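S.K.:
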DNA sequence: CCGTATCCGACTAGATACTG
DNA sequence: CAGTATCTAGTCGGATACGG
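Chains as they are written, first to last, in the UniProt record's numbering: chain A, 1 to 111; chain B, 1 to 111.
Below is the structure:
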């Protein structure tokens, strides 16, 4: 069945989608995890040197709640926690590609 | 020729694209103008009753600078100014659709 | 009709220090 | 290793009043 969008509801729909990767670091994190990569907390820290621990954990938690990231805890000492994208998270890739493609179009319309 | 993205540059690329419709009202405005609609300043105000004049003009100006909106001034009294999307602005539609489609996928992965 | 100018509260992210 | 807690500066949007 089809949805019938009004300008307002369509905008709200997109905003909902955007909110899920809104936050200064979520895209960077996602791109590090695309392709099925599984990284530890400390590996993400090293991969993104300018992020603080606070921001890293905050963004990861929100992404987990939103269902784009999976948190994998290994019960050991010392602690080991890994992060990976969910299937749904991986599925964002094509949409982001579309955005990149659109940004590239600008050259043809600018002067 | 192909670009070779790193996680960081890809994220920056998407962020650049996102910035262009970032701001609380830009998407709403765009959805009102999709399909070639041409609207006057006052018509946009009526179409989006909760926006203030300040925000409306601010978002429109930025969108104009960024090249997604075209400003059409008719030299008359009383003043008449119309706004429309550029070709590039219209070209955003598919990418936003991809985002909407992705958001819909969530049902299949949630429980 | 189509804007501009100013003030102000809310939210975000960074710095920093500390813990199981 | 993998977090938590607190404080603060900067940014964004809303309210309101005024101008060509």
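Glycine included, each C-beta is placed from N, C-alpha and C at the ideal position.
On a predicted model such as this, the values are computed, not experimentally measured, just so you know.
Give me the residue from B:8, B:1, B:13, B:18 with the minimum Cα distance to residue 92 of chain B.
M.R.: Sequence index remark: in the second chain, residue 92 of chain B carries index 92 (1-based). Comparing Cα-Cα distances from residue 92 of chain B to each of B:8, B:1, B:13, B:18, the minimum goes to B:18.
S.K.: Just checking, does the segment 33-44 of chain B make contact with the segment 83-97 of chain B on the three C-beta pairs under 8 angstroms criterion?
M.R.: Yes, they touch.
S.K.: Quick check on the DSSP output: what are the complete beta strand (DSSP E) runs of length 3 or more inside the UniProt domain "HTH hxlR-type" (6-111) of chain A, in order along the chain?
M.R.: 69-74, 80-85
S.K.: Which residues in chain A sit within 8 angstroms of residue 16 of chain B, going by Cβ to Cβ distance?
M.R.: As a first step, residue 16 of chain B must be located in the second chain, where it is residue number 16. Neighbours of residue 16 of chain B on chain A, chain order: 103.
S.K.: Along chain B, in chain order, which residues have C-beta atoms closer than 7 angstroms to that of residue 13 of chain A?
M.R.: By 1-based counting over the first chain, the position of residue 13 of chain A is 13. Counting only Cβ-Cβ distances below 7 angstroms, residue 13 of chain A has contacts in chain B at 100, 103, in chain order.
S.K.: Taking CB distances under 7 angstroms as the criterion, tell me whether residue 7 of chain B reaches chain A.
M.R.: In the second chain, the residue the question calls residue 7 of chain B occupies position 7. Yes, because at least one Cβ of chain A sits closer than 7 angstroms to the Cβ of residue 7 of chain B.
S.K.: For residue 105 of chain A and residue 88 of chain B, I'd like the C-alpha separation in whole angstroms.
M.R.: Counting from one through the first chain, the residue named residue 105 of chain A turns up at place 105. Counting from one through the second chain, the residue named residue 88 of chain B turns up at place 88. Approximately 7 angstroms, taken between the alpha carbons.
S.K.: Determine, using beta-carbon pairs with one atom in the segment 37-52 of chain A and one in the segment 2-16 of chain A, whether at least three such pairs fall under 8 angstroms.
M.R.: Of all C-beta pairs linking the segment 37-52 of chain A to the segment 2-16 of chain A, fewer than three are shorter than 8 angstroms, placing the two stretches out of contact.
S.K.: Enumerate in chain order the residues of its own chain whose CB-to-CB distance from residue 41 of chain A is below 6 angstroms, with the five nearest sequence positions on each side excluded.
M.R.: Working through the first chain from its first residue, we reach residue 41 of chain A at position 41. Answer for residue 41 of chain A: 81, listed in chain order.
S.K.: Using only alpha-carbon positions, find the residue among B:10, B:96, B:47, B:84 that is nearest to residue 64 of chain B.
M.R.: Numbered from its first residue, the second chain carries residue 64 of chain B at position 64. Nearest option by C-alpha distance: B:84.
S.K.: If residue 27 of chain B and residue 45 of chain B are in contact, beta carbons under 8 angstroms, what's the gap, nearest whole angstrom?
M.R.: Position 27 of the second chain, counting from 1, holds the residue named residue 27 of chain B. Position 45 of the second chain, counting from 1, holds the residue named residue 45 of chain B. Wrong, their Cβ atoms sit about 17 angstroms apart, outside the cutoff.
S.K.: Step through the CB atoms of chain B and report whether any lies within less than 7 angstroms of the CB of residue 111 of chain A.
M.R.: In the first chain, counting from the first residue as 1, residue 111 of chain A sits at position 111. Bear in mind that the predicted position of residue 111 of chain A carries a pLDDT of just 42, short of 50, making it unreliable; the figure below should be weighed with that in mind. Output row for residue 111 of chain A: interface = no.
S.K.: What does the Cβ neighbour count give for residue 113 of chain B, buried or exposed, with the cut at 16 atoms within 10 Å?
M.R.: The structure shown does not extend to residue 113 of chain B, since chain B is modelled only from 1 to 111, so the question has no answer here.
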